[in-house]
Structures are given as structure tokens and as C-alpha cells.
Amino acid sequence: MAAMWQGDSPSAQQLSSSAPFCVDTLSFDQWLQWIFIPRMVEIIEQGEGMPGACNIQPMGEEAFAHLGRQRYRLIEVLGDIDRLASRLA
Numbered sequence: 001m002a003a004m005w006q007g008d009s010p011s012a013q014q015l016s017s018s019a020p021f022c023v024d025t026l027s028f029d030q031w032l033q034w035i036f037i038p039r040m041v042e043i044i045e046q047g048e049g050m051p052g053a054c055n056i057q058p059m060g061e062e063a064f065a066h067l068g069r070q071r072y073r074l075i076e077v078l079g080d081i082d083r084l085a086s087r088l089a
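If you count the sequence shown from 1, position 27 lands on 27 in full-length UniProt numbering, and the numbers rise without skipping.
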């Protein structure tokens with residue numbers, strides 16, 4: 001993700017936020033790395049159904065605006081995830 005991944009995990013307190021996308025404790029890329037992607041892997045490995053509409057593309061559009069042209073592929077992938085999750089829910 002445009003060299004945005006972090007090596008060190010956020011604290012347990014940061015990861016336990018109840019706010020959507022953990023906006024009060026994590027950046028959006030941290031949320032993707034430490035919460036969303038691991039949860040999606042778990043869902044796939046367990047054969048669980050998708051959670052329904054994720055609606056992560058609009059958040060990504062806002063969060064990655066500072067990346068300029070680099071953001072377009074990221075936004076496209078987030079949209080693909082949204083569409084897939086909606087179809088498989």
C-alpha cells in the first residue's frame with residue numbers, strides 16, 4: 001500500500017476502539033492493516049459469510065487524498081472489496 005504498512009502493531013487500547021474505522025485511535029491505513037485485512041482473512045479461512053456492505057471506498061477516498069495519483073489504484077481496490085462484500089453477504 002504505497003509503503004504505508006507499519007512494522008509495529010498499535011496498542012491494544014488503540015485496536016479496541018468502538019468508533020467506525022477506529023477513527024479516534026488509528027489512521028485509515030492502520031485500520032486496514034491491523035483490523036480489516038486480518039478480519040477478512042479470518043472470515044475466508046473460517047468459511048464465514050461476508051459481513052455485508054463494507055463501504056470502505058468513500059473512507060479511502062478521503063483518507064488517501066494526500067497521495068495524489070497513487071491513490072487511484074487503492075481506491076479502485078477498496079471499491080472492488082465493497083462490491084464483492086455486498087454480493088457475497
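From the three backbone atoms N, C-alpha and C, an ideal C-beta is built for every residue, glycine too.
For arginine 87, the enclosing alpha helix (DSSP H) starts and ends at 71 to 88. Take the alpha-carbon of serine 86 and the one of glycine 79: they are about 11 angstroms apart. In the displayed model, cysteine 22 falls within a helix according to three-state DSSP. Taking C-beta atoms as the reference points, aspartate 8 and serine 17 fail to come closer than 7 angstroms.
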